[in-house]
Amino acid sequence: MEVNGIGSQSFYEKITGQKSNKKDSGNEFYKSLSDTMDGKTETESEEGKYNSPQNTDIRSWVHYYNISPKAVHTIEPEGENTVVECSVRKITYAESDNVKVSIANGYVYKAQVNADNSTVYVEQKSEEGTVKGYEVELSKVKEDTNNPIEQMALETWNKAGESSKSTNNIDSKWDEALLQFYNFVEDRVKNGAPKFQVGGSELSIDEWNHLLEKIDGNLDDIKNQMAERIKKIKESQDNNKTDEISEKVILELLRNRTGNDIAESDTAESDIVESDTAESDTEKAESVTKSEKDF
Amino acid sequence: MKTEQLERYFKEYYDLVYRVAFAQIKSHADTEDMLQEVFVRLLRYQPEFESNEHEKAWMIRTTVNLCKDLIKSKWHSTTVNIDTVPEEEKAYFKVPFIEEDDTLWAVLELPEKYKNCLYLFYYEDHSIREIAQSLGMPENTVKTNLRCGKKELKNIIKKVR
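For the protein sequence lines, the chains are G and Y, in the order given. Under our numbering, the residue at position 219 of the first sequence is numbered 219, and the numbers go up by one with no gaps. Under our numbering, the residue at position 107 of the second sequence is numbered 1107, and the numbers go up by one with no gaps.
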């Protein structure tokens, strides 16, 4: 019995052991589907860019059927994620196995290896002040990944074995620094602030600054005094000018108000002046005649 | 203050104070003097700290303020150029846990307000709140300084290249 050819085909496959052609029919279905949607697949299949997905990995369908990654993310089972957001542990630089600073992108990545379950904890701090923590499962990370968090995790994993911290060196460094500081304090208490040679004398930085401030202060005082002097001289000159001007103005006003009286007084004054000049002329003439006679 | 306590402060903050001071002064000798000065202040005033955060903030703030005083002083301003880190001084400045690159030196060339925020955030792993506390400025100002500093840094790096 044959119903639409299904029964006979599957039976034939069972006997010959050949693979089912279901996938191909599936491909055709997807092609025709996408053809109807945007008509892209024909050209893509010609170029051989995208082969139809032969496995069940849903991510490989992203390119082939032009499905948005967001949509895939929602379909994808949780176990497939390589990077999982987790609670922030607030690890310091000293606690982390690798630190990467990216000022251009405004991020700091800190990573810490967890060797027990081969995961790497990556902490991302942004310039906005937000901190996020991620757990990266290394077994699932591809080496050529473009994800910065995955890259950081890989880098940290490779680095972790190399680093070894020597505590002895650090301790000796502290002791040296402490000894230096104690000596410094002792010296400071005994001799005061450190001094240096300036010309014939020794001065500390504070004394030097004080000296310079004094000199500057003196210079400023001299400048101010000079400026005040110049001001005073100018003011006195201006006062003289204003006195002359005011005298003239008063005289003119007086002339205008009591024109006749002043005019008379003026003529009287001029008469006096004329008589004075006449007297002086006669005196001069007499002195000249006397000197001629002496000759 | 007991000797043990002073030693604890010394061990905990010696490197941090050195790096913060060097970022400002850019000279090993001056930085060492500054370091001594900060610990002398600690001995002299013996402040009571409420928490580790407060302790750290006091150290950074005192260092930054003392460095500012030194930079402003007549002696320093007339004798030392502090725009760039001299090549011979670079060997003295090492940030732990982070690989050294040109970006670090470019950060140290930034104007003070950007430099301190960027340096503490990226190289000393301080949070925005801690920076605000240490430098005595609002958190939003720190965020703005981080953004603007990043732009300025890009310009400096472009010029160098």
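We treat Cβ as the ideally placed atom computed from N, Cα and C, and that holds for glycine. These figures come from a predicted structure and were not determined experimentally.
Using three-state DSSP, classify LYS241/G as helix, strand or coil.
In the structure shown, LYS241/G sits in a helix (DSSP, three-state: H, G or I).
Using a Cβ-Cβ cutoff of less than 6 angstroms, which residues in the same chain neighbour PHE1022/Y once the five nearest sequence positions on both sides are dropped?
Contacts found: THR1031, PHE1093.
Relative to the C-alpha of TYR1009/Y, which residue among MET1137/Y, GLN1046/Y, GLY1149/Y, HIS1126/Y is closest?
For TYR1009/Y, the nearest C-alpha among the options comes from GLN1046/Y.
What is the DSSP secondary structure of TYR107/G, counted as helix, strand or coil?
Correct three-state label for TYR107/G: strand.
Determine, using beta carbons only, whether LEU1066/Y and GLU1037/Y come nearer to each other than 7 angstroms.
Yes, Cβ-Cβ distance for LEU1066/Y and GLU1037/Y is below 7 angstroms.
Would you call VAL127/G buried or exposed, if buried means 16 or more other Cβ atoms sit within 10 Å of its Cβ?
According to the sequence provided, residue 127/G is Glu. The question's Val does not apply to it. With 16 or more Cβ atoms within 10 Å of its Cβ, GLU127/G is classed as buried.
Note down, in chain order, all residues in the stretch 1115-1133 of chain Y with a beta-carbon under 9 angstroms from any beta-carbon belonging to chain G.
Per Cβ criterion, the list reads LEU1118, PHE1121, TYR1122, TYR1123, GLU1124, ASP1125, SER1127, ILE1128, ARG1129.
Looking at the structure shown, is THR1003/Y part of a helix, part of a strand, or coil, going by DSSP?
THR1003/Y: helix per DSSP, three-state reduction.
Quick check on LYS1151/Y: buried or exposed, where buried means 16 or more other Cβ atoms within 10 Å of its Cβ?
Flag for LYS1151/Y reads exposed.
Mind listing the chain Y neighbours of LEU178/G? Cutoff is C-beta to C-beta under 7 angstroms, in chain order.
Simply GLU1007, PHE1010.
With DSSP collapsed to three states, give me the class of LYS142/G.
LYS142/G: coil per DSSP, three-state reduction.
Taking Cβ positions only, does LEU1146/Y come closer than 7 angstroms to chain G?
True, the Cβ-Cβ gap to chain G drops below 7 angstroms.
Which first and last residues belong to the alpha helix (DSSP H) in which THR1031/Y is found?
It spans 1028-1045 - the alpha helix (DSSP H) in which THR1031/Y sits, taken as one unbroken run.
Taking the CB atoms as reference points, tell me whether VAL99/G and PHE1121/Y lie closer together than 7 angstroms.
Taking 7 angstroms as the Cβ cut-off, VAL99/G and PHE1121/Y do not qualify as a contacting pair.
Under 9 angstroms between beta-carbons, which chain Y residues line up against TRP174/G? List them in chain order, please.
GLU1007, PHE1010, LYS1011, TYR1014, listed in chain order.
Among GLU1012/Y, LYS1159/Y, ILE1071/Y, ASN1145/Y, whose alpha-carbon lies nearest the alpha-carbon of GLU1055/Y?
Looking at the Cα atoms, GLU1012/Y is the closest of the given residues.
Given that a residue counts as buried once 16 or more other Cβ atoms are within 10 Å of its Cβ, and exposed if not, what is ILE1060/Y?
When all chains shown are included, ILE1060/Y counts as buried.
What did DSSP end up calling LEU203/G once you bin it into helix, strand or coil?
The answer is strand: DSSP assigns LEU203/G an E or B state.
Would you say the stretch 136-151 of chain G touches the stretch 85-97 of chain G, given that touching needs at least three Cβ pairs under 8 angstroms?
No contact exists between the stretch 136-151 of chain G and the stretch 85-97 of chain G.
For ARG188/G, which residues in chain Y fall below 9 angstroms Cβ to Cβ?
Near ARG188/G (Cβ distances below 9 angstroms), the residues of chain Y are GLN1036, VAL1040.
From the DSSP output, in three-state form, read off GLY192/G for me.
Looking at GLY192/G - three-state DSSP - the assignment turns out to be coil, as it is neither helix nor strand.
If LEU1146/Y and LEU1104/Y are in contact, beta carbons under 8 angstroms, what's the gap, nearest whole angstrom?
Not quite, the Cβ-Cβ distance comes to about 16 angstroms (not below 8 angstroms), so this is no contact.
So, is the C-beta of VAL141/G closer than 7 angstroms to a C-beta in chain Y?
Chain Y, which has no Cβ nearer than 7 angstroms to the Cβ of VAL141/G, makes this no.
Tell me the DSSP secondary structure of THR119/G in three-state form.
THR119/G falls in the strand class under three-state DSSP.
Going by Cα to Cα distance, which pick from GLU135/G, TYR107/G, ASN105/G is closest to ALA298/G?
No information on residue 298/G is available, as it lies outside the stretch 1 to 295 that chain G covers here.
Using a Cβ-Cβ distance cut-off of 7 angstroms, determine whether ASN209/G contacts chain Y.
Taking Cβ atoms only, chain Y reaches closer than 7 angstroms to ASN209/G, which makes this a yes.
Is DSSP giving LYS1115/Y helix, strand or coil here?
LYS1115/Y: helix per DSSP, three-state reduction.
Taking a cut of 8 angstroms between CB atoms, which residues from the stretch 1080-1108 of chain Y lie near chain G?
Within the stretch 1080-1108 of chain Y, the qualifying residues are PRO1096, PHE1097, ILE1098, THR1103, VAL1107.
Nearest CA to the CA of ILE1071/Y: which residue from ASN209/G, GLU85/G, ILE245/G, GLN225/G?
Measuring from the Cα of ILE1071/Y, the nearest candidate turns out to be ASN209/G.
Can you give me the start and stop residues for the beta strand (DSSP E) that ASN98/G sits inside?
Taken as a continuous stretch (DSSP letters only), the beta strand (DSSP E) holding ASN98/G covers 98-102.
Determine the closest residue to TYR1114/Y out of GLU1053/Y, ARG1129/Y, LYS1159/Y, LEU1153/Y, with distance taken between C-alpha atoms.
Cα-wise, what sits closest to TYR1114/Y is LEU1153/Y.
On the three-state DSSP scale, how would you describe GLY133/G?
In this structure, GLY133/G counts as strand in the three-state DSSP scheme.
Considering just the uninterrupted stretch of the alpha helix (DSSP H) at GLU1055/Y, what are its terminal residues?
It spans 1052-1072 - the alpha helix (DSSP H) in which GLU1055/Y sits, taken as one unbroken run.
Step through the CB atoms of chain Y and report whether any lies within less than 7 angstroms of the CB of PHE184/G.
Judged by the 7 angstroms Cβ criterion, PHE184/G is in contact with chain Y.
Under 7 angstroms between C-beta atoms, does THR1062/Y make it to chain G?
It does not: the Cβ of THR1062/Y has no partner Cβ on chain G nearer than 7 angstroms.
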